[in-house]
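Student: Dumping the structure here so I can ask a few things about it.
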Amino acid sequence: MTMRIDCPCCGGDIDARHTESMSHTMRRMYFVCDDCGYRTPAGFEILFSLSASAKPRADVVLEVRPSPMLRGGVNARTTVALARTV
Ligand SMILES: [Zn+2]
Numbered sequence: 005m006t007m008r009i010d011c012p013c014c015g016g017d018i019d020a021r022h023t024e025s026m027s028h029t030m031r032r033m034y035f036v037c038d039d040c041g042y043r044t045p046a047g048f049e050i051l052f053s054l055s056a057s058a059k060p061r062a063d064v065v066l067e068v069r070p071s072p073m074l075r076g077g078v079n080a081r082t083t084v085a086l087a088r089t090v
């Protein structure tokens, strides 16, 4: 699956041609516009968690901010996330 965004120069669709891992939560993506030839890097960052991971990494700390939409349903992940925030 390719990430596609609007070209900031001509408004056409530009696809990520290459991605590079910067950390466990950040990637740099390189976009190329076929319409105008524009090329640019862009960042993709995981900002926080909507639910806690069942298999968290010790070196990755992401604040859990449960979504109100997830509070209604009960499953293994939302139960763990809510239990940790109480
Ligand atoms: Zn363009």
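Quick note, the working numbering runs 4 ahead of the 1-based positions in the sequence shown.
A virtual CB, placed ideally from N, CA and C, is assigned to each residue, including glycine.
(1) Please identify the residue among 55, 65, 20, 66 whose C-alpha is closest to the C-alpha of residue 72.
(2) Using the Cα positions of residue 51 and residue 39, report the straight-line distance between them to the nearest angstrom.
(3) Starting from residue 42, trace the beta strand (DSSP E) in both directions and tell me its first and last residue.
(4) Would the C-beta of residue 19 count as close to ligand 1, meaning under 8 Å from any of its heavy atoms?
(5) If we ignore side chains and look at the alpha-carbon of each, how far apart do residue 21 and residue 48 end up?
Tutor: By the coordinates alone:
(1) 55 is the residue among 55, 65, 20, 66 whose C-alpha sits nearest the C-alpha of residue 72.
(2) Roughly 32 Å between the two C-alpha positions.
(3) Run containing residue 42: none; DSSP gives neither H nor E here.
(4) no
(5) Going by the C-alpha atoms only, they are around 14 Å apart.
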